[in-house]
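Everything below concerns the one structure shown next.
Written out as structure tokens, the structure reads:
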């Protein structure tokens with residue numbers, strides 16, 4: 001059953017201030033709501049951003065030696081895929097071990113999301129996000145504290161930590177895309 005505290009609405013004015021700072025590592029109802037809000041808004045922000053961007057610009061580097069917007073989305077998906085898998089494993093087993101594959105060097109090399117056209121990649125991103133949010137929205141507070149152990153690391157990472165990681169990673173890349181795609 002869905003907990004109302006997870007969906008405590010964050011006013012849009014507060015959402016913009018979240019964009020310029022970090023989301024706390026403390027697992028609180030307010031911080032969980034912030035993570036959920038950021039994860040919910042990321043596809044919306046990305047869609048609004050690329051709506052006004054010509055298709056050919058989505059395959060052009062954002063700057064010298066930088067990724068294209070399509071490659072940025074592929075990179076975001078690689079990280080999201082690994083973190084989401086950690087979340088799902090933490091929810092399905094008690095302190096499972098998670099294989100240490102790098103999101104881009106290993107996972108990205110295998111999946112090659114970067115070869116897809118932006119619209120296909122974005123559709124996949126939205127479906128993955130819908131599934132992740134469905135899983136997260138049904139969690140009780142104690143579920144957010146469930147952990148996974150990554151191969152070769154001492155620390156354990158909670159469901160909250162991994163969801164926060166996805167949100168923070170996307171915030172960084174969306175801010176960068178906004179600066180570079182919207183500049184005149």
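Numbering (this note's numbering), first residue to last: 1 to 184.
The beta-carbon is built from N, C-alpha and C at its ideal position, and this holds for glycine as well.
Return the Cβ separation of residue i and residue j in integer angstroms, given the expectation that the two are a contact with Cβ distance under 8 Å.
i: residue 70; j: residue 139; result: No, residue 70 and residue 139 are not in contact; Cβ-Cβ is about 32 Å, not under 8 Å.
i: residue 168; j: residue 22; result: 7 Å
i: residue 46; j: residue 174; result: 6 Å
Going by C-alpha distance, which of the options is nearest residue i?
i: residue 124; options: 29, 98, 43; result: 43
i: residue 56; options: 131, 119, 88; result: 119
i: residue 72; options: 183, 176, 182; result: 176
i: residue 128; options: 180, 79, 145, 109; result: 79
i: residue 101; options: 50, 92, 86; result: 86
i: residue 130; options: 50, 41, 110, 33; result: 41
i: residue 89; options: 156, 180, 126; result: 156
i: residue 183; options: 31, 109, 59, 53; result: 53
i: residue 178; options: 50, 35, 34; result: 50
i: residue 58; options: 117, 31, 126, 134; result: 117
i: residue 35; options: 99, 133, 142; result: 133
i: residue 33; options: 136, 94, 105, 154; result: 136
i: residue 31; options: 172, 91, 141; result: 141
i: residue 29; options: 154, 143, 99; result: 143
i: residue 154; options: 95, 112, 111; result: 95
Pull up the DSSP beta-bridge partners for residue i, would you.
i: residue 180; result: DSSP, once it has assigned bridges, lists no residue as partnering residue 180.
i: residue 149; result: 97, 156
Could you name the residues of the same chain whose beta carbon sits closer than 6 Å to that of residue i, not counting the 5 residues immediately before and after it, in chain order?
i: residue 83; result: 162, 165, 166
i: residue 114; result: 71, 74
i: residue 180; result: 62
i: residue 93; result: none
i: residue 99; result: 151
Leaving out the 5 sequence neighbours to the left and right, which residues in its chain are closer than 8 Å to residue i when beta-carbon positions are compared?
i: residue 145; result: 27, 158, 159, 160
i: residue 186; result: The chain is shown only over 1 to 184; residue 186 falls outside these bounds and no answer can be derived.
i: residue 107; result: 78, 81, 82, 101
Leaving out five residues before and five after residue i in sequence, what residues of the same chain have Cβ atoms less than 7 Å from its Cβ?
i: residue 97; result: 149, 151
i: residue 60; result: 68
i: residue 126; result: 43
Worksheet entry | the stretch 61 to 78 contacting the stretch 148 to 163, beta-carbon criterion three pairs below 8 Å | Because the criterion of three Cβ pairs below 8 Å is not met, the stretch 61 to 78 and the stretch 148 to 163 do not touch.
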